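In the UniProt record's numbering, the protein residues as written are 1 to 106. Ideal Cβ placement from N, Cα and C applies to all residues, glycine included. Only a predicted model underlies this, so the values are computations on that prediction, with no experimental measurement involved. Step one of this worksheet: look at the structure below.
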């Protein structure tokens, strides 16, 4: 159950704190800034992930080609290119995609 609903876009959340952070999108608030490039972020965890770009840190490496990522989800998405895994299928036409966002856009 996801009892917390954003009145702006109707998206629902299972925790009030998640709704609060989400609402920063609508308010245009980005309280966390990168000290190296000044890019703003809605959540601290996104800033921390971003900072790996400047330090060169990346803890997730593709065993197939050696490309590195600072988020495990990005590695998983990348690996689908090697495996040709397309887990997101359009129920209307049958076309499949590597990412849910691509299916949604379709």
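Exercise. So, using beta-carbon positions, are residue 71 and residue 60 closer together than 8 Å?
Worked result: The residue given as residue 71 occupies position 71 in the chain shown. The residue given as residue 60 occupies position 60 in the chain shown. Their beta carbons are under 8 Å apart, which means residue 71 touches residue 60 by this criterion.
Exercise. By DSSP, does residue 68 sit in helix, in strand, or in coil?
Worked result: The residue labelled residue 68 in the question sits at position 68 within the chain shown. Looking at residue 68 - three-state DSSP - the assignment turns out to be strand.
Problem set entry | CB of residue 50 within 8 Å of CB of residue 39, strictly | Within the chain shown, residue 50 is the residue found at index 50, counting from 1. Within the chain shown, residue 39 is the residue found at index 39, counting from 1. Yes. Within cutoff.
Problem set entry | Option nearest residue 76 by Cα separation, candidates 13, 100 and 17 | Indexing the chain shown from 1 puts residue 76 at position 76. Here the closest residue by C-alpha is 100.
Exercise. Would residue 80 pass as a contact of residue 98 if the rule is Cβ separation under 8 Å?
Worked result: Mapped onto the chain shown, residue 80 falls at position 80. Mapped onto the chain shown, residue 98 falls at position 98. Yes, these two residues count as a Cβ contact at 8 Å.
Problem set entry | Proximal residues to residue 13 (C-beta, below 7 Å), its chain only, five neighbours per side dropped | Mapped onto the chain shown, residue 13 falls at position 13. Within the same chain, Cβ atoms closer than 7 Å to the Cβ of residue 13 are found at 2, 4, 19 and 22, the five residues on either side in sequence being excluded.
Problem set entry | Boundaries (first-last residue) of the alpha helix (DSSP H) holding residue 48 | The sequence position of residue 48 within the chain shown is 48, counting from 1. It spans 44-55 - the alpha helix (DSSP H) in which residue 48 sits, taken as one unbroken run.
For this session: Give me whichever residues DSSP pairs with residue 40 in a beta bridge.
Result: Your numbering for residue 40 matches position 40 in the chain shown. Beta-bridge pairing links residue 40 to 33.
Exercise. Using a Cβ-Cβ cut-off of 8 Å (strictly less than) and excluding sequence neighbours within five positions of residue 15, which residues of its own chain qualify?
Worked result: Sequence index remark: in the chain shown, residue 15 carries index 15 (1-based). Answer for residue 15: 4, listed in chain order.
For this session: Taking only the alpha-carbon atoms, compute the straight-line gap between residue 93 and residue 106 and give it to the nearest angstrom.
Result: As a working mapping, residue 93 is identified with position 93 in the chain shown. As a working mapping, residue 106 is identified with position 106 in the chain shown. Roughly 10 Å between the two C-alpha positions.
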